[in-house]
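According to the numbering used here, the sequence shown holds residues 4 to 428 in order.
We treat Cβ as the ideally placed atom computed from N, Cα and C, and that holds for glycine.
Just so we're clear, the structure is a prediction, and the values are computed from it rather than from any experiment.
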Amino acid sequence: MANVELAEAPAKRRIRLAQPEPGLTAETMIERAHALIPMLRAQQDEADALGHYVPAVHEAFGKAGFYRMLQPRMFGGYETSFADFLRVVMEIGRGHPGAAWCFTLASSHPLVIGSHFPEEVQAEIFGPEGDFRSPHRAPPGGDWKRVEGGYRVSGRWSYSSGIPYATHFIGGGRVAAQDGEPARLVNFITPKDTVNVLPDWGAGTTLGMEASGSNTVELKDVFVPDRMLFREDILVTSEGFGPGDGIGARLHGNPMYLGVVGGFFHVTFGGIYVGAARAALDEYEEVARNTLAYRKVNVQRTNDIDAQVPFGRALTLTDSAEALTLQVAQMCTDQCERAVRDGTPISVADTIKVWDMARYAVNMCCEAIELLFRTSPVRAANRGQRMQRYLRDVQMYRIHPSSQPWLDAARAKSHWGLPIDRYGH
Numbered sequence: 004m005a006n007v008e009l010a011e012a013p014a015k016r017r018i019r020l021a022q023p024e025p026g027l028t029a030e031t032m033i034e035r036a037h038a039l040i041p042m043l044r045a046q047q048d049e050a051d052a053l054g055h056y057v058p059a060v061h062e063a064f065g066k067a068g069f070y071r072m073l074q075p076r077m078f079g080g081y082e083t084s085f086a087d088f089l090r091v092v093m094e095i096g097r098g099h100p101g102a103a104w105c106f107t108l109a110s111s112h113p114l115v116i117g118s119h120f121p122e123e124v125q126a127e128i129f130g131p132e133g134d135f136r137s138p139h140r141a142p143p144g145g146d147w148k149r150v151e152g153g154y155r156v157s158g159r160w161s162y163s164s165g166i167p168y169a170t171h172f173i174g175g176g177r178v179a180a181q182d183g184e185p186a187r188l189v190n191f192i193t194p195k196d197t198v199n200v201l202p203d204w205g206a207g208t209t210l211g212m213e214a215s216g217s218n219t220v221e222l223k224d225v226f227v228p229d230r231m232l233f234r235e236d237i238l239v240t241s242e243g244f245g246p247g248d249g250i251g252a253r254l255h256g257n258p259m260y261l262g263v264v265g266g267f268f269h270v271t272f273g274g275i276y277v278g279a280a281r282a283a284l285d286e287y288e289e290v291a292r293n294t295l296a297y298r299k300v301n302v303q304r305t306n307d308i309d310a311q312v313p314f315g316r317a318l319t320l321t322d323s324a325e326a327l328t329l330q331v332a333q334m335c336t337d338q339c340e341r342a343v344r345d346g347t348p349i350s351v352a353d354t355i356k357v358w359d360m361a362r363y364a365v366n367m368c369c370e371a372i373e374l375l376f377r378t379s380p381v382r383a384a385n386r387g388q389r390m391q392r393y394l395r396d397v398q399m400y401r402i403h404p405s406s407q408p409w410l411d412a413a414r415a416k417s418h419w420g421l422p423i424d425r426y427g428h
C-alpha cells in the first residue's frame, strides 16, 4: 500500500536554490574531472601526508560542480545519474585513488538527505547556499540519552571517510526501548562544527588510502533533535515503507531519492577502484615505454611479451570492471524507478545482489593492480613510487567489510529465502 501511494504521489519539482552553473551537463563534469588528473597526481604525496586532498583540489572540485552531482535540483544540485557520478569518480581515482575515496564517501550522501527528510528539514541541512558534504558512518555507536525534543549523544565513529572537507556528519546509533517501543537502529545528522575530528589519519598511520580522510569523529554530549533522525532499515529495503517513507521521491519527482541507498553505496567502490586500476595501467605503460626489458638486449618493455601479457590482462580486467560497475549502477536506478512506477519494493535480496556484483567488479580491479605490481620493475616497490601506492590502496579494500566472503553466503540465503542479518551470519 505504501509503495502504491508513492507511485501515485505527484512531484513538486520546485526550485528553492539556483544552481551555481545552470545548464551544466554530466558530460562537461566528466571532461573537467579528466582534465584534473595531472593536478591530482602532482599532489599525491602531499595529500597522503595530510590525510586528505589538498585545498586547491577541494576548490577545483567545488568550482567544477562535483559536490552537487547527486544533490536535488530544488537545493541547487544537478541530479546527475548514478552512472555519471561514477564516471567522474573514475577520473578522480585515475588521478589519485585516495582523493577519490575521500571525495566519493562525502559527496554521495546528498542522496540520503534528499531522500529521508521533509522539505523544511532538507532546506535547513542544505543551507542557504546549498553547500553540503558528509561522510556516513552507519555502524551503530555512541551513548544516547533521551531528552526533550531529541537525544544527547556522545561517542566516537572511526573511519569517517570524507570528514576533512565535510559540512556535516551522519552516523549510526541504537536508541533504547521507550514508550512500549523496542530498541531500534537509527541514523542521525549533525553539523560538522558540533563534532571533533581526531588527527588519526594520513602521514603513514595506515597502510593505504592515506588521502581518504577517514578520520575518527568524536561527539561529546551533542544534542541531536528528533527531526535529524531517520531509520536504519530503509537504507537497504523499501519493503517496510510506511506513509512517511519515500518522501524524497515525492518531493523531488525523481526515483533516485527513494532512499534505498545501501546497494549504491557499495557500487561507489567500483568507481574508486576502476580509477585506481586506470592509474596503475597508466603508470605501467609509462614505465614500459621508457624502460628496457629485463636481461633482453635492446628490447623495450612494450615489445616484451612478459610485459604485454600482464598489461593486456589487467586492461581487460579493468574494462570489464568498469562495464560491470556502470551496469550495476543502472540496476540501482532501475530498482528505484520500478518501485516508484508500479510499487514493487526494493528487497534486501535486491540490495545484496547489487552489493555482491559490485564487490566482484572491485575485486577485478584489485587483481589488475596486483598483477601490474608483480610484473613491474623492482623499483615499483620503493616508497614514493606510484605503483607501490596503488598496491597499498588495494589492500584497504581487501580488508574492508564490504569485500568479505560472507556476502556470497548472504547472496545464497537471500536467493533461497533464508534469513540474513547485517553481518551475514
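Query: Applying the criterion that 16 or more other CB atoms from any shown protein chain within 10 Å of the CB defines a buried residue, is A206 buried or exposed?; Result: exposed
Query: Starting from N366, trace the alpha helix (DSSP H) in both directions and tell me its first and last residue.; Result: V351 to R377
Query: In chain order, what residues of the same chain have a beta carbon less than 7 Å from the beta carbon of C86, not counting five sequence neighbours either side?; Result: The sequence shown places Ala at residue 86, not Cys. For A86, where only same-chain residues beyond five positions count, the Cβ hits under 7 Å are L329, A332 and Q333.
Query: To the nearest angstrom, how far is the alpha carbon of R253 from that of P121?; Result: 10 Å
Query: Is P422 buried or exposed, if buried means 16 or more other CB atoms sit within 10 Å of its CB?; Result: exposed
Query: Could you check how far apart the C-beta atoms of V263 and I349 are, in whole angstroms? I think they sit under 8 Å.; Result: 5 Å
Query: Going by beta carbon distance, what residues of the same chain come within less than 6 Å of G211, once the five residues before and after it are set aside?; Result: R395, D396, Q398 and M399
Query: If you drop the 5 nearest sequence neighbours on each side, which residues of the same chain put their C-beta closer than 6 Å to that of S160?; Result: At residue 160 the sequence reads Trp, which differs from the Ser that was named. Same-chain partners within the cutoff: R140, G144, G174 and V220.
Query: Using a 10 Å radius around the Cβ and a threshold of 16 neighbouring Cβ atoms, would you call V381 buried or exposed?; Result: exposed
Query: Measure how close the beta-carbons of Y23 and G68 come, nearest whole angstrom, since I'm counting them as under 8 Å.; Result: Tyr is not the amino acid found at residue 23; the sequence shown has Pro there. Confirmed, Cβ separation roughly 7 Å.
Query: If you scan the segment 117-146 from start to end, which runs of the beta strand (DSSP E) of 3 or more residues do you find wholly inside it?; Result: 139-143
Query: Put R44 into one of helix, strand or coil per three-state DSSP.; Result: helix
Query: Three Cβ pairs or more, each shorter than 8 Å: is that satisfied between the segment 56-65 and the segment 234-252?; Result: no
Query: Tell me whether V343 sits in a helix, a strand or coil according to DSSP, three-state version.; Result: helix
Query: For I18, does the count of other Cβ atoms within 10 angstroms reach 16, so buried, or fall short, so exposed?; Result: exposed
Query: Are there 16 or more other CB atoms within 10 angstroms of the CB of D309, so buried, or fewer, so exposed?; Result: exposed
Query: Mapping DSSP to helix, strand and coil, what is D203?; Result: coil
Query: Quick one: which unbroken alpha helix (DSSP H) runs of 4-plus residues sit fully inside the segment 242-318? Chain order, please.; Result: 250-255 and 265-292
Query: My output table needs one value for Y426: the three-state DSSP class, helix, strand or coil.; Result: Note that Y426 scores a pLDDT of 46, beneath 50, so its modelled location is shaky; the value from the coordinates is reported in the next line. Reduced to three states, the DSSP call for Y426 is coil.
Query: Between W358 and the rest of its own chain, which residues show a CB-CB distance below 6 Å, the 5 nearest in sequence each way excluded?; Result: G266 and H269
Query: Can you list, in chain order, the residues of its chain whose CB lies under 6 Å from that of R414, leaving out five sequence neighbours each side?; Result: I355 and D359
Query: Are the CB atoms of G153 and C105 within a distance shorter than 7 Å?; Result: no
Query: Return the chain-ordered list of same chain residues with a C-beta closer than 7 Å to the C-beta of F64, the five sequence neighbours on each side being excluded.; Result: Y70 and F106
Query: Which ranges would you report for the alpha helix (DSSP H) in the segment 69-126 if only whole runs of at least 4 residues count?; Result: 85-98, 100-110 and 113-119
Query: Spatial neighbours of H255 within its chain, please: CB distance less than 8 Å, with the 5 preceding and 5 following residues excluded, ordered by chain position.; Result: A14, K15, R16, P75, R76, M77, E82 and G117
Query: Determine the direct distance from the alpha carbon of N385 to that of E132, and round the result to whole angstroms.; Result: 45 Å
Query: At the level of alpha carbons, what is the spacing between T294 and A45?; Result: 22 Å
Query: Assess contact between the segment 22-36 and the segment 188-196, defined as three or more Cβ pairs (one per stretch) separated by less than 8 Å. Is contact present?; Result: no
Query: For a test of the three-state rule: what should DSSP assign to I166, helix, strand or coil?; Result: helix
Query: Please report how far the alpha carbon of W204 lies from the alpha carbon of A52, in whole angstroms.; Result: 9 Å
Query: If you follow the alpha helix (DSSP H) that V397 is in, where does it begin and where does it stop?; Result: R389 to R401
Query: Flag this pair as yes or no: are the beta carbons of A169 and I275 separated by less than 7 Å?; Result: no
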